[in-house]
Amino acid sequence: MKTKHISIRTRIIAINTFLIAVFCIFVFAYLLPKIEDTLIEKKKETLVEVIRVSLSFIDTLEQEHLAGHISLEEAQSRAIARLRGLRYEADHQNYVFISDLNGKLILHPYSPKLEGTDATVLTDPTGRHFLKDMVTIAKEQGSGFVTYQWQYYGDKNHIVPKIGYVETFKPWGWVIGSGLHIEEIRNEIRRLETTITITALIFFVITTLLIVYVANHIVKPIQKLRAASRLVAEGDLRSTVQITSTDETQDLAVDFNGLIQALRKILGSISEYSTNLASSTEQMASSLNLFTTQAQHQSASTEEIAATTEQLSAGMDTIQRGTDEQTSSVQSLITTMNGLSSSITQMGQQVNETQNETSQITDLAKEGEQSLGQLNDSMHLVLESSNSVSNIVQIISEISDRINLLSLNAAIEAARAGDAGRGFAVVAEEVGKLADRTGSSIRDISQLVTTNDQQIKGGIQQLESTTRFIQDILERVSRMNSRMNTLKSSMTNQIQDNGNVREQLQTVDNRSTEIRDAITEHKRAVAEIATTVSSINDAIQSVVAAAEEMNTTSDQIALMAGEMQKQTTIFKL
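Numbering (the numbering used here), first residue to last: 30 to 602.
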């Protein structure tokens with residue numbers, strides 16, 4: 030089973046159980062054997078001390094013998110008598126025995142009948158010749174320990190391990206020895222084992238109850254945060270976390286609630302701005318449709334002006350041919366004067382019509398310029414709104430970075446806490462995922478806003494270019510109107526001159542020359558008018574194309590605004 034699927038409560042209880050188990054293993058497998066070894070060593074020290082005291086007493090008697098105060102037999106008798114009554118340890122049942130270097134038993138307080146017999150033939154219940162081994166160690170090493178099996182004091186049926194210690198008293202050839210049962214040590218160890226077991230069980234129950242309480246105190250706030258995080262991941266920002274504790278979980282809950290409040294404000298602003306953006310794009314589309322219609326009307330008017338200028342140019346050619354004929358014959362000039370007057374009158378009417386058309390073109394162009402100005406203002410407002418959205422997206426991006434930093438800090442703290450902090454790691458991971466999803470949505474929104482800004486800026490540039498084209502059209506139409514006024518004035522003078530032509534035949538040749546020159550100039554002016562009208566038509570066609578492209582751009586902006594609204598509608602504020 031993977032540890033990541035184990036709850037925090039179970040982990041804490043498992044850790045407690047593991048630590049108590051390790052403690053028990055340490056006590057039973059290491060500490061108690063060490064205590065047993067220590068107690069056995071103390072038993073050995075007691076044996077050594079008893080034997081050394083006995084040897085000291087025997088050595089005192091030996092010194093008296095050497096000093097001649099007592100005989101050897103008396104000294105040995107005193108030693109045997111004194112050691113026969115020697116008892117030690119709490120029960121006063123332990124004694125000292127004596128044998129010679131050949132294994133002959135000299136003293137045994139509890140079995141006097143064995144005194145004088147060969148003790149090397151004695152065996153313990155396992156068949157070991159323990160006294161023989163003692164004598165051998167005493168002869169070879171001077172002193173040493175032997176472990177053997179023997180009855181527990183007076184109970185012949187109770188056989189237990191016993192430690193014996195022997196040491197040689199060389200002047201007399203004696204082997205002084207004694208033994209201690211280690212059953213007392215084992216009983217003490219058993220009592221310790223029972224006490225430790227009961228204590229460990231009580232400690233385990235108490236610590237388990239305490240740890241369960243602490244685990245519940247830790248896990249419940251984490252479960253609340255986890256449930257709230259799931260709601261946020263599903264788009265519900267209406268929930269908050271209420272934690273009454275005063276530890277780090279309360280700080281985490283406060284930070285989490287602050288994050289929810291910030292997300293509410295930001296997403297509410299984005300929704301409002303996207304709604305305003307959609308409304309602005311609809312207004313812009315309506316203005317563009319009106320502008321396109323007006324531009325198409327202007328294009329039709331310029332085509333009519335072009336046709337009129339072509340007719341005017343053809344009339345000027347006719348007049349020029351007439352003036353050429355006048356210069357060749359004055360009589361022919363008189364004959365054709367009436368026709369010339371009629372042609373000039375018609376041309377004046379055409380000039381008047383042309384002036385009317387140019388006035389209409391001027392009015393339409395001015396209206397188009399005003400519409401473009403309004404559209405330009407709307408585009409700037411949309412650009413400002415888009416910039417506001419960009420700022421808000423930047424704020425959201427910064428908040429997302431802070432969430433990641435908070436998640437990283439929580440993960441670090443959880444790692445420091447070890448297994449007990451894995452719950453914080455789960456919360457940090459959930460918060461990190463939420464931050465990643467929020468960052469992804471914000472990057473999509475930022476990309477949409479960036480595209481929106483670029484297209485709006487492109488639309489503004491096209492509007493400014495179109496405005497300059499229309500202003501140029503107005504200037505050219507104004508110049509054309511001025512020239513038409515000049516032409517009209519010249520035609521009026523020409524008609525007056527035709528009324529007096531019969532009275533001034535003498536000056537017809539000069540006047541014919543002047544008329545021919547004037548007509549040539551007029552023809553050049555008409556050609557310029559035709560060129561200007563053609564340029565106006567081309568400019569208007571460009572304006573129409575730009576307006577259509579701007580209309581397409583506004584549709585794209587509307588789609589992006591709708592997409593922004595969809596992105597924000599998944600959240601419940």
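Here a beta-carbon is modelled for each residue, glycine too, at the ideal position from N, C-alpha and C. Bear in mind the structure is a predicted one, so any value in this text is a computation, not a measurement.
Mapping the DSSP letters down to three states, classify residue i as helix, strand or coil.
i	result
methionine 30	Unreliable placement is indicated for methionine 30, whose pLDDT of 47 sits below 50; the coordinate value is still reported in the next sentence. Note: methionine 30 maps to coil in three-state DSSP.
glutamine 170	helix
aspartate 147	strand
aspartate 346	helix
aspartate 265	strand
threonine 197	strand
threonine 155	coil
isoleucine 37	helix
glycine 97	coil
asparagine 433	helix
asparagine 286	helix
asparagine 529	coil
Taking a contact to mean a Cβ-Cβ separation below 8 Å, would you say residue i touches residue j in this structure?
i	j	result
leucine 134	glycine 145	yes
valine 478	serine 429	no
methionine 513	threonine 383	yes
isoleucine 192	isoleucine 211	yes
valine 125	valine 79	yes
serine 400	asparagine 305	no
isoleucine 194	lysine 73	Per the sequence presented here, residue 194 reads as tyrosine, with isoleucine not at that position. Cβ distance < 8 Å, so tyrosine 194 and lysine 73 count as in contact.
isoleucine 205	leucine 84	yes
glutamate 398	threonine 515	no
asparagine 405	isoleucine 502	no
alanine 262	leucine 463	yes
leucine 209	threonine 67	no
aspartate 448	isoleucine 42	no
isoleucine 471	serine 436	no
valine 27	serine 475	The requested residue 27 is not part of the displayed model; the chain covers only 30 to 602.
isoleucine 240	isoleucine 37	no
leucine 90	arginine 107	yes
threonine 347	serine 388	no
aspartate 526	arginine 540	yes
isoleucine 432	valine 455	no
methionine 408	isoleucine 485	yes
methionine 589	isoleucine 558	no
glutamate 18	isoleucine 218	The structure shown does not extend to residue 18, since the chain is modelled only from 30 through 602, so no value can be given for it.
Would you list the residues sitting across from residue i in a DSSP beta bridge?
i	result
leucine 209	Ile192
aspartate 184	Tyr181
isoleucine 127	Leu136, Ile205
tyrosine 117	Asn123
valine 241	Per DSSP, none; premise fails for valine 241.
valine 175	Gly193
Within 10 angstroms of its Cβ, does residue i collect 16 or more other Cβ (buried), or is it exposed?
i	result
lysine 294	exposed
phenylalanine 55	exposed
alanine 148	buried
serine 207	buried
serine 315	exposed
glutamate 196	buried
tyrosine 177	buried
valine 234	exposed
serine 128	buried
serine 511	exposed
isoleucine 569	buried
valine 150	exposed
glutamine 585	exposed
threonine 561	buried
Near residue i, which residues of its chain fall below 7 Å by C-beta distance, leaving aside the five closest residues on each side in sequence?
i	result
leucine 357	For the record, residue 357 in the displayed sequence is serine; it is not leucine. Cβ within range, chain order: n/a, list empty.
phenylalanine 198	Leu84, Ile87, Ile205
serine 137	One point to set straight first is that residue 137 is histidine, not serine, in the sequence displayed. Cβ neighbours of histidine 137 beyond the five flanking positions: Phe126, Leu143, Glu144.
serine 571	Phe498
methionine 30	With a pLDDT of 47 at methionine 30, under the threshold of 50, the modelled position of this residue cannot be trusted, and the question is left open.
Excluding the 5 residues flanking residue i on each side, which residues of the same chain have their C-beta closer than 8 Å to its C-beta?
i	result
histidine 187	Gln180, Tyr181
glutamate 493	Asn405
valine 243	Ile41
threonine 222	A quick correction: the sequence has glutamate, not threonine, at residue 222. Correct list, in chain order: Phe57, Leu61.
Ordered along the chain, which non-local residues of its own chain (more than five positions away) have a Cβ less than 6 Å from that of residue i?
i	result
glycine 591	none
serine 172	Glu196
proline 18	Residue 18 cannot be examined here, being either before or after the span of the chain that is shown, 30 to 602.
threonine 269	Asn286
glutamate 543	none
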